[in-house]
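I have placed the structure first, in the form of structure tokens, so that the comments after it can refer back to it.
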Amino acid sequence: MKIKSFLYLFLFGVFSISAYSQNVKLLNIDQLNERIKNGKDSTYVVNFWATWCAPCIKELPHFEKLSAEHKSEKLAVLLVSLDFKSKLASNVVPFVKRKNLKNEVFLLNESSPQEFIDRIDPNWSGSIPATLFIKNDKRKFVESEFTYEQLLTEYKKL
Numbered sequence: 001m002k003i004k005s006f007l008y009l010f011l012f013g014v015f016s017i018s019a020y021s022q023n024v025k026l027l028n029i030d031q032l033n034e035r036i037k038n039g040k041d042s043t044y045v046v047n048f049w050a051t052w053c054a055p056c057i058k059e060l061p062h063f064e065k066l067s068a069e070h071k072s073e074k075l076a077v078l079l080v081s082l083d084f085k086s087k088l089a090s091n092v093v094p095f096v097k098r099k100n101l102k103n104e105v106f107l108l109n110e111s112s113p114q115e116f117i118d119r120i121d122p123n124w125s126g127s128i129p130a131t132l133f134i135k136n137d138k139r140k141f142v143e144s145e146f147t148y149e150q151l152l153t154e155y156k157k158l
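Have a look at this one:
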């Protein structure tokens, strides 16, 4: 009977944890643009990153802090992973869970890097981390790592 009780508790714990974990969705550029277009009254901060990019990982907590400190404002922070689609279950989802990311996380589902890079910003070299700021018709693209102060400054400029 004790083993059965333990098994129930173990399974309950596993399913409880997975129920609260972040769901990482696949997203293409058209879907990203549609999402932004439908939220005209919001400010969007879209960070492009990858699990293998050390500067990206270093700055991710800044995006979490920005959304937490400005949750009363119409701010949407979207974290778009540029990891390979084949790494979704093995790398991205475990990483997001381990880091306990609260912002929406997507994995970019595009086959032609140069095409999506040009559609995000024609001046983007393709290096990451990179962040797109959007408010109404204003767009600003920054291709560098942020400190929290730099991120906050860019956000407030919009």
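Counted the way full-length UniProt numbering counts, the sequence shown spans residues 1 to 158.
Don't be surprised by glycine CBs; every beta carbon is placed ideally from N, CA and C.
Computed from a prediction, not measured in an experiment: that's the story for all the values here.
Beta-bridge pairing by DSSP links Leu158 to no other residue.
Counting only residues of its own chain and dropping the five nearest sequence neighbours on each side, Ser111 has no CB closer than 7 Å to any other CB. Of the other Cβ atoms in all chains shown, fewer than 16 fall within 10 Å of the Cβ of Pro122; this residue is therefore exposed.
Inclusion of Leu108 and Leu27 in the CB contact set at 8 Å is warranted, their separation being smaller than that value. With respect to the C-alpha of Phe146, the residue from Arg139, Val45, Ile36 and Asp118 having the closest C-alpha is Val45. Its Cα nearest to that of Phe48, the residue Val77 stands out among Lys40, Val77, Gln31 and Leu158. For the options Leu79, Arg98, Thr43 and Arg35, the alpha carbon positioned closest to that of His70 is the one of Thr43. DSSP places Thr131 within a strand segment (E or B) once states are collapsed to three.
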